[in-house]
Every structure is written in structure tokens, then in C-alpha cells.
Amino acid sequence: MTSVYDNERLAAAYAFDRPPVHARILRSVRLEQRARRALDVGCGAGASTAALAPLAEHVVGLEPVPLMLAHRHEVAPDARFVVGSAEELPFAAASFDLVAAAGSLNYTDLPSALVEVARVLTPGGTFLLYDFEGGRHSLAGDALATWFTAFEQRFPWPSGWQPLDVRALPLATFGLRMLDYTDLEIRLPMTHDAYLRYALSEVNVHDAVARGACWAEEAREWCRETLGEVFGGGEVTVVFRGYLATLARQSGQHERHPRPTT
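Using the UniProt record's numbering, you'd call the opening residue of the sequence shown number 1 and step up by one each time.
See the structure below:
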């Protein structure tokens with residue numbers, strides 16, 4: 001993870017100001033039976049962990065930046081959380097029959113992380129790899145897309161994130177195989193205030209403030225004023241585009257490098 005995530009304001013924003021996209025994506029998942037133990041790799045503030053609750057009896061969130069877990073008990077009160085990295089999961093082999101990663105593997109050494117996911121996944125388990133882009137589109141025309149382009153120019157994205165196309169990966173090399181891949185479009189009605197809080201929660205805004213490129217109140221005022229032209233005092237249906245890949249452990253995959261359960 002980049003250092004910008006080690007930020008109290010960002011941790012609170014991720015906990016309370018993000019739209020419920022994780023829950024909407026995972027609502028489409030159909031398992032043969034409810035998982036016994038699920039692991040959320042790179043869980044951030046815990047929103048993606050909370051979204052796993054309907055799919056598993058016990059859920060564990062793993063996050064490399066301790067400060068991001070500051071509000072974990074409010075966000076996902078029934079989950080357990082562990083500080084650790086995707087490249088060295090601190091769990092024994094075949095510990096989880098469901099593993100999920102929501103946009104977090106883009107910050108990792110991907111081969112190492114995928115091998116680790118295969119190691120901790122049970123032979124009959126499921127790996128849900130998914131992600132979604134920012135809410136830059138709407139059903140009301142091009143105004144939001146135009147605004148989002150200006151938003152990215154005003155607050156450039158920090159380095160650290162790498163693109164990931166699971167369809168292009170040599171999955172067998174990592175002990176995994178693809179079961180299904182679906183492009184998604186999540187539509188959420190949002191008010192000006194809700195979208196403002198979401199926009200200010202984005203990591204590019206926090207990076208700009210942390211670097212001293214602008215004050216937090218300056219960023220808020222710029223977003224508030226410019227979004228007023230997009231929302232016009234009413235709701236806008238925002239479109240979040242993403243994907244959901246369903247994977248499993250490769251048949252005959254051997255457990256390797258067992259690690260102690262924490």
C-alpha cells in the first residue's frame with residue numbers, strides 16, 4: 001500500500017462516506033452453501049468485509065495499514081481483523097473456503113499474493129476477485145463524466161496502483177482457475193451531499209491535502225461548488241462500472257509454505 005492510506009481522515013472517510021457498492025456486487029454471488037470461514041484480503045476500513053457477512057458464518061478482514069482499521073468495530077462489528085500483507089498471509093493452508101479481494105491486489109506483488117490466496121483456500125473453496133471504477137458516469141447525461149475528468153485533473157491520482165486484468169493472467173501458474181467472469185454496472189441514486197462525501201473520500205483528494213497541494217476545506221469547497229452544477233439540487237443515478245471474477249483452486253494444487261493461524 002502507498003503511504004497515503006496511513007491517514008486518519010482517509011480511514012474515517014472509507015468507513016463512513018463510501019457508497020455501498022461492495023454489498024451490491026456481492027449480492028449477485030451464488031454459493032452452493034454458505035461458507036464457514038471467509039477472508040477479505042486488503043479490507044481497508046472494513047466495508048468490503050461487512051459485505052461478506054451474508055456469505056459466510058465467520059469473516060476475517062486482513063489489512064496491511066493498521067490505521068485503516070480504526071473504525072472496524074462500527075463498520076463490521078461481527079468480523080475479526082488482522083494486520084498483515086497479501087504476499088504473506090498469516091494463516092495456515094486451506095484455512096478459508098471463501099476468499100475475496102476488492103481492488104486490493106492492484107497494490108501488491110501480484111504473483112506472490114495469488115499464490116498465497118491459493119494456499120489458504122480450501123480445495124472446494126471460492127475466490128472472489130472484484131473491483132469497480134470511480135462513480136464517474138450517470139444516467140442523466142455527460143455532466144458527471146465531464147466533472148470527474150476535471151476532478152482528476154484538479155486532484156491527480158497518487159502512484160502505487162497497478163492495473164489488473166484477471167482474464168490475461170496465467171492463473172494455473174499461481175494454482176488457480178477461472179470459473180466465471182462478469183462485467184458489472186451498479187446504479188445508485190445519490191444526492192449532492194452523498195456524492196460530495198464520496199468524492200472527498202477518494203484517495204487522490206487525501207493525497208493532495210497530505211502533500212500540501214491544497215487545504216482540506218479548499219478541496220471541499222471546490223467539489224461542493226462544481227458538483228452543484230451537476231446535481232442541481234436533486235438526485236442523480238450514479239453508475240459504478242466494475243467486474244466480478246469467480247475463481248477456485250487448481251485441481252491437484254498442493255499446499256505449500258504453511259503459515260501459523262493467528
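The beta-carbon is built from N, C-alpha and C at its ideal position, and this holds for glycine as well. Because the structure is a prediction, the values reported are computed rather than measured.
Practice task
Could you check if residue 131 is buried or exposed, using at least 16 other CB atoms within 10 Å of its CB as the buried criterion?
Solution key: Position 131 of the sequence shown holds residue 131. Residue 131 comes out buried.
Handout entry: C-alpha distance - residue 172 paired with residue 124, whole-angstrom precision
Key = Working through the sequence shown from its first residue, we reach residue 172 at position 172. Working through the sequence shown from its first residue, we reach residue 124 at position 124. If I take the Cα positions, the gap works out to 16 Å.
Handout entry: residue 71 versus residue 8 - alpha carbon distance
Key = To locate residue 71, count along the sequence shown from 1; it is residue 71. To locate residue 8, count along the sequence shown from 1; it is residue 8. Looking at the two C-alpha atoms, the distance is approximately 10 Å.
Handout entry: Spatial distance of residue 205 from residue 144 (CA atoms)
Key = Here residue 205 is taken as the residue at index 205 of the sequence shown, counted from 1. Here residue 144 is taken as the residue at index 144 of the sequence shown, counted from 1. The alpha-carbon of residue 205 is positioned some 17 Å away from that of residue 144.
Practice task
Would you list the one or two residues that DSSP bridges to residue 206?
Solution key: Taking the sequence shown and counting its residues from 1, one reaches residue 206 at position 206. Paired residues: none, contrary to the question.
Handout entry: Rounded C-alpha distance that separates residue 263 from residue 209
Key = Given that the chain is displayed from residue 1 to residue 262, the structure contains no residue 263 and the question cannot be resolved.
Handout entry: Exposure label - residue 262; buried when at least 16 CB within 10 Å
Key = As a working mapping, residue 262 is identified with position 262 in the sequence shown. With a pLDDT of 45 at residue 262, under the threshold of 50, the modelled position of that residue is not reliable, and no figure is offered here.
Handout entry: residue 193: first and last residue of the uninterrupted alpha helix (DSSP H) it sits in
Key = Position 193 of the sequence shown, counting from 1, holds the residue named residue 193. Per DSSP, the continuous alpha helix (DSSP H) segment holding residue 193 begins and ends at 192-201.
Problem - Best match in 162, 220, 53 for proximity to residue 99 [C-alpha to C-alpha] - result: To locate residue 99, count along the sequence shown from 1; it is residue 99. For the residues 162, 220, 53, the minimum Cα distance to residue 99 belongs to 53.
Exercise for the section: Give the straight-line distance between the Cα atoms of residue 248 and residue 126, rounded to the nearest whole angstrom. Expected result: By one-based count along the sequence shown, residue 248 stands at place 248. By one-based count along the sequence shown, residue 126 stands at place 126. Straight across, the Cα-Cα distance linking residue 248 with residue 126 is about 5 Å.
Practice task
Return yes when the Cβ of residue 120 is within less than 8 Å of the Cβ of residue 94, no when it is not.
Solution key: Within the sequence shown, the letter at position 94 stands for residue 94. Within the sequence shown, the letter at position 120 stands for residue 120. Contact: yes.
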